[in-house]
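As you go down the protein sequences, you meet chains A and B in turn.
Numbering-wise (the working numbering), the first sequence opens with residue 386 and increments by one.
Numbering-wise (the working numbering), the second sequence opens with residue 386 and increments by one.
Okay, structure first, notes after.
There are 2 protein chains.
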Amino acid sequence: METFELTIDELRARQGTKWTRYPAHILPVWVADMDFRAPEPVQAAILRLVERSDYGYGPLGARDSLAAVFADRMQERYGWAADPQLVLPISELIQAMYATLIAYSAPGEGAVLQTPIYPPFLMAIEQTGRRLVDNPLRDDGTRYALDIDGLRRVVDAGTRLLFLCNPHNPTGRVFERAELLALGELAVERDLVIVADEIHQDLVYPGHRHIPIASLGPEIAARTITLTSATKGFNIAGLRCALMHFGSPALKERFHRVFPERLLGAVNTIGLEATIAAWRHGQPWLEAVLRRLHANRDRVTAFLAAELPEITYYPPEGTYLAWLDCRRLALPGSPYEFFLDQAGVAFGDGAAFGEHGRGCVRLNFATAPDILDQVLTRTAEAVKRARLSRV
Amino acid sequence: METFELTIDELRARQGTKWTRYPAHILPVWVADMDFRAPEPVQAAILRLVERSDYGYGPLGARDSLAAVFADRMQERYGWAADPQLVLPISELIQAMYATLIAYSAPGEGAVLQTPIYPPFLMAIEQTGRRLVDNPLRDDGTRYALDIDGLRRVVDAGTRLLFLCNPHNPTGRVFERAELLALGELAVERDLVIVADEIHQDLVYPGHRHIPIASLGPEIAARTITLTSATKGFNIAGLRCALMHFGSPALKERFHRVFPERLLGAVNTIGLEATIAAWRHGQPWLEAVLRRLHANRDRVTAFLAAELPEITYYPPEGTYLAWLDCRRLALPGSPYEFFLDQAGVAFGDGAAFGEHGRGCVRLNFATAPDILDQVLTRTAEAVKRARLSRV
Numbered sequence: 386m387e388t389f390e391l392t393i394d395e396l397r398a399r400q401g402t403k404w405t406r407y408p409a410h411i412l413p414v415w416v417a418d419m420d421f422r423a424p425e426p427v428q429a430a431i432l433r434l435v436e437r438s439d440y441g442y443g444p445l446g447a448r449d450s451l452a453a454v455f456a457d458r459m460q461e462r463y464g465w466a467a468d469p470q471l472v473l474p475i476s477e478l479i480q481a482m483y484a485t486l487i488a489y490s491a492p493g494e495g496a497v498l499q500t501p502i503y504p505p506f507l508m509a510i511e512q513t514g515r516r517l518v519d520n521p522l523r524d525d526g527t528r529y530a531l532d533i534d535g536l537r538r539v540v541d542a543g544t545r546l547l548f549l550c551n552p553h554n555p556t557g558r559v560f561e562r563a564e565l566l567a568l569g570e571l572a573v574e575r576d577l578v579i580v581a582d583e584i585h586q587d588l589v590y591p592g593h594r595h596i597p598i599a600s601l602g603p604e605i606a607a608r609t610i611t612l613t614s615a616t617k618g619f620n621i622a623g624l625r626c627a628l629m630h631f632g633s634p635a636l637k638e639r640f641h642r643v644f645p646e647r648l649l650g651a652v653n654t655i656g657l658e659a660t661i662a663a664w665r666h667g668q669p670w671l672e673a674v675l676r677r678l679h680a681n682r683d684r685v686t687a688f689l690a691a692e693l694p695e696i697t698y699y700p701p702e703g704t705y706l707a708w709l710d711c712r713r714l715a716l717p718g719s720p721y722e723f724f725l726d727q728a729g730v731a732f733g734d735g736a737a738f739g740e741h742g743r744g745c746v747r748l749n750f751a752t753a754p755d756i757l758d759q760v761l762t763r764t765a766e767a768v769k770r771a772r773l774s775r776v
Numbered sequence: 386m387e388t389f390e391l392t393i394d395e396l397r398a399r400q401g402t403k404w405t406r407y408p409a410h411i412l413p414v415w416v417a418d419m420d421f422r423a424p425e426p427v428q429a430a431i432l433r434l435v436e437r438s439d440y441g442y443g444p445l446g447a448r449d450s451l452a453a454v455f456a457d458r459m460q461e462r463y464g465w466a467a468d469p470q471l472v473l474p475i476s477e478l479i480q481a482m483y484a485t486l487i488a489y490s491a492p493g494e495g496a497v498l499q500t501p502i503y504p505p506f507l508m509a510i511e512q513t514g515r516r517l518v519d520n521p522l523r524d525d526g527t528r529y530a531l532d533i534d535g536l537r538r539v540v541d542a543g544t545r546l547l548f549l550c551n552p553h554n555p556t557g558r559v560f561e562r563a564e565l566l567a568l569g570e571l572a573v574e575r576d577l578v579i580v581a582d583e584i585h586q587d588l589v590y591p592g593h594r595h596i597p598i599a600s601l602g603p604e605i606a607a608r609t610i611t612l613t614s615a616t617k618g619f620n621i622a623g624l625r626c627a628l629m630h631f632g633s634p635a636l637k638e639r640f641h642r643v644f645p646e647r648l649l650g651a652v653n654t655i656g657l658e659a660t661i662a663a664w665r666h667g668q669p670w671l672e673a674v675l676r677r678l679h680a681n682r683d684r685v686t687a688f689l690a691a692e693l694p695e696i697t698y699y700p701p702e703g704t705y706l707a708w709l710d711c712r713r714l715a716l717p718g719s720p721y722e723f724f725l726d727q728a729g730v731a732f733g734d735g736a737a738f739g740e741h742g743r744g745c746v747r748l749n750f751a752t753a754p755d756i757l758d759q760v761l762t763r764t765a766e767a768v769k770r771a772r773l774s775r776v
């Protein structure tokens, strides 16, 4: 098996934001990069370009290859017949959040989010002058569930879009068929466009299965735009290659009436070739990485149960993100600030994930076991010290 | 001096479109890539990322660094005080053509082009439903001149944008101060937004000087959006990193009222770091490449004068592009098709450059001298054979 783990010195030598944003005494478990090397076939594809100084305009067929490899992968892994003709390469998913809001709704119209949620969804709604239709996930004591009754209540006549994030960032939920079907049927009933961020589809643990919402039948598919990328699963976010898949030609035409294709930019050759290589040849790497992530997740689960039972936490079904609801810890101020100052750990700040994220932090556990252990130990010790000082 | 030349076998081993679009017996002198290696500092910057598998989210300050390096370079080379705060990184210039048309004009309103012109300008106007206001360059018997009187006549009350391409693609003109000033003053008088594609600014021959139109004073600057990139000068088009510079905060605000920043996508880390390295450390390479291009240009000039005097051709003042007006050759059909079939040479097809490009081809002479000689010889021989068969 190829090795993918990096030492802390190797990580600190990287230029990326994850390991450079905070001073050296802080352990960074915030932004959603993995502390792992990219797959060898990705590295080989990049080196083929680098060795030949092959940085000119890329091969004419690269976009078609990307679309074909994507469609093959969707068929093979999820039995979903995505149409390569309905693929639009873009640089990243955030771009598509803005673009779909503008293409499918007018200022003031509503877009549904299941909060807490990946912050760019919130930014996109705010910056485009659309209206947040908040449908918070429901903590049912065993997991964060899609609240379909709540959804039925909040969707009003001015709601146009339903954003879905599945697997869900930050809670790690991998929604079940019944939940997705209820959501899809409501979208049909209320004539909503579904924009599904499925970027974490590769990162799902045993016992759960990713279901592309567009695979649930033609009526749902026809109103669904699926957003995905190899960047999460294969750890190449900086290479900026993603795609939109439109569930029907009509939906794509509607989009292009607002956005001519070239307006959204061109994807760079290295990102394209890396993505194609990852999807074609990266599976052995992905499976090895998933075993590591699975073990890390279980380590987090066991540690929190034993040492920090006041934190509300449901083991993620997918993603390498753990959502820690720290409100019962009754820490002074925001838990993000507390752990940054008192534990030397930089979590993701829950407050950025919407109103319902206050009092929570997001832990990225895609790192080496020894680093994860330090993060957990420092976190628990900071809580203990805070308790002692309160007594 | 570092070597940058590549052999024909090395070129054929590349994956890029220039050397893969046509069969192997065709010599490709079409798309604007150079047949040269990228500068060593660019290669080093890319390898720093590749060796560490550093493909995650890039350093937070990379966009600021890009803007700062750009502004420093503009000051140093052109005495132009560009403002790093008014820079917006984008993936490529074509994206900005579409975006500026949409941001600064309404459907049906006019945008001026100096034709013949780089085809994406024409596509952008057509696909956004704007109106081409054609102000052809005037062949004055010594060069292609900006037709200011013509411009005055064609600009009507519904004209909103004035596109400038300087150095000009495909004619290689590097416009003089007087021409640019007349253009800028007319833009002020008629309240036009100037969108200046200055991507070829690095590629100017002795005796000529690139003048950024935004450097001509505050009144012109305030209505000018400058588009540029290191991709042409340093031969890294596939890495997709470019920028827009707005000549005033008001102009930038107007743009962002239509396009939230993230809508246009994120620039990939490799493209960003390569661009910063090129602008900071690529100058020795650029100067060596310019000497090669200069010699190639003079070779083209001498050859055409001796062997193909019926081709109307003015030695380009900048760019590595030669615009060959073949109409006096009276070839059967399009010269592009003729030379492709009869000479085994793939020029750029002049017809794509607008109505005034019919009967012309664009020659990219950024290649090794022996390849250039073959291109020229094959071209002349095909013309001779056609003449003989007509006799």
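Just so you know, even glycine gets a beta-carbon here, dropped at the ideal spot from N, CA and C.
I need the straight-line Cα distance from residue i to residue j, nearest angstrom please.
i               : j               : result
K617 of chain A : A417 of chain A : 8 Å
M386 of chain A : W670 of chain A : Any reading at M386 of chain A must be qualified, since the residue scores a pLDDT of 45, below 50, and its modelled position is unreliable; the value itself is stated next. The alpha-carbon atoms of M386 of chain A and W670 of chain A are separated by roughly 8 Å.
E561 of chain B : P603 of chain B : 19 Å
A635 of chain A : A606 of chain A : 12 Å
Y442 of chain A : N749 of chain B : 14 Å
I696 of chain B : T556 of chain B : 14 Å
E638 of chain A : A466 of chain B : 43 Å
R545 of chain B : E564 of chain B : 20 Å
V573 of chain B : P521 of chain B : 21 Å
T660 of chain B : L588 of chain B : 16 Å
R682 of chain A : G493 of chain A : 41 Å
L689 of chain B : W664 of chain B : 35 Å
L451 of chain A : R770 of chain B : 44 Å
D576 of chain B : L498 of chain B : 16 Å
H679 of chain A : N620 of chain A : 16 Å
F738 of chain B : V454 of chain B : 33 Å
L624 of chain B : L761 of chain A : 40 Å
T527 of chain B : A715 of chain B : 22 Å
Taking all protein chains shown into account, do 16 or more other C-beta atoms lie within 10 angstroms of the C-beta of residue i, making it buried, or fewer, making it exposed?
i               : result
V540 of chain B : buried
Q470 of chain B : exposed
D439 of chain B : buried
V746 of chain B : buried
P597 of chain A : buried
L432 of chain B : exposed
G718 of chain A : exposed
Based on Cα-Cα distance, which residue from the options lies nearest to residue i?
i               : options                           : result
T402 of chain A : A:D525, A:A496, A:D420 and A:E390 : A:D420
Y529 of chain B : B:E511, B:V559, B:D519 and B:T405 : B:V559
G703 of chain B : B:D576, B:N554 and B:Q668         : B:N554
R677 of chain A : A:P591, A:A453 and A:P426         : A:P591
G464 of chain A : A:R448, A:P700, A:A690 and A:H595 : A:H595
L757 of chain A : A:I411, A:R399, A:T405 and A:A398 : A:I411
L736 of chain A : A:I610, A:P424, A:S450 and A:Y503 : Per the sequence shown, the amino acid found at residue 736 of chain A is Ala instead of Leu. A736 of chain A has its Cα closest to that of A:Y503, out of A:I610, A:P424, A:S450 and A:Y503.
R437 of chain A : B:E390, B:R515, B:A662 and B:L761 : B:E390
T611 of chain B : B:L478, B:M508 and B:L773         : B:L478
A447 of chain B : B:T513, B:G656, B:E425 and B:V414 : B:G656
L601 of chain B : B:A615, B:E570 and B:L624         : B:E570
V674 of chain A : A:L507, A:I510, A:L396 and A:P754 : A:P754
T613 of chain B : B:A687, B:R422, B:Q480 and B:Y407 : B:Q480
Tell me, please, whether the CB atom of residue i is closer than 8 Å to any CB atom in chain D?
i               : result
R458 of chain A : Chain labels in this structure do not include chain D; the protein chains are A and B.
Chain-ordered residues of the segment 598-629 of chain B with a beta carbon less than 7 Å from chain A | N620, I621, A622, G623, L624 and R625
Flag this pair as touching only if the segment 575-582 of chain A and the segment 543-555 of chain A have three or more C-beta atom pairs under 8 Å; answer yes or no.
-> By the C-beta criterion, the segment 575-582 of chain A is judged to be in contact with the segment 543-555 of chain A, since at least 3 inter-stretch pairs fall below 8 Å.
Residues of the segment 511-537 of chain A whose Cβ lies closer than 7 Å to any Cβ of chain B, in chain order | Q512 and T513
With 9 Å as the C-beta to C-beta threshold (strictly closer), list the residues of the segment 421-445 of chain B near chain A in chain order.
-> F421, R422, A423, V427, Q428, I431, L432, R433, L434, V435, R437, S438, D439, Y440, G441, Y442, G443, P444 and L445
The segment 470-483 of chain B touching the segment 620-640 of chain B, judged by at least three CB pairs closer than 8 Å | yes
Sufficient close CB pairs (3 or more, under 8 Å) joining the segment 477-494 of chain A to the segment 446-466 of chain A | The segment 477-494 of chain A is not in contact with the segment 446-466 of chain A.
Does the segment 711-727 of chain A come close enough to the segment 766-773 of chain A to have 3 or more Cβ pairs within less than 8 Å?
-> yes
For the segment 447-481 of chain A, enumerate the residues whose C-beta is nearer than 8 Å to any C-beta of chain B, in chain order.
-> I475, S476, E477, I479 and Q480
Interface positions of the segment 650-681 of chain A facing chain B (Cβ-Cβ less than 8 Å), listed along the chain | G650, A651, V652, N653, T654, I655, G656, E658 and A659
In chain order, what residues of the segment 567-594 of chain A put their CB closer than 8 Å to some CB of chain B?
-> none
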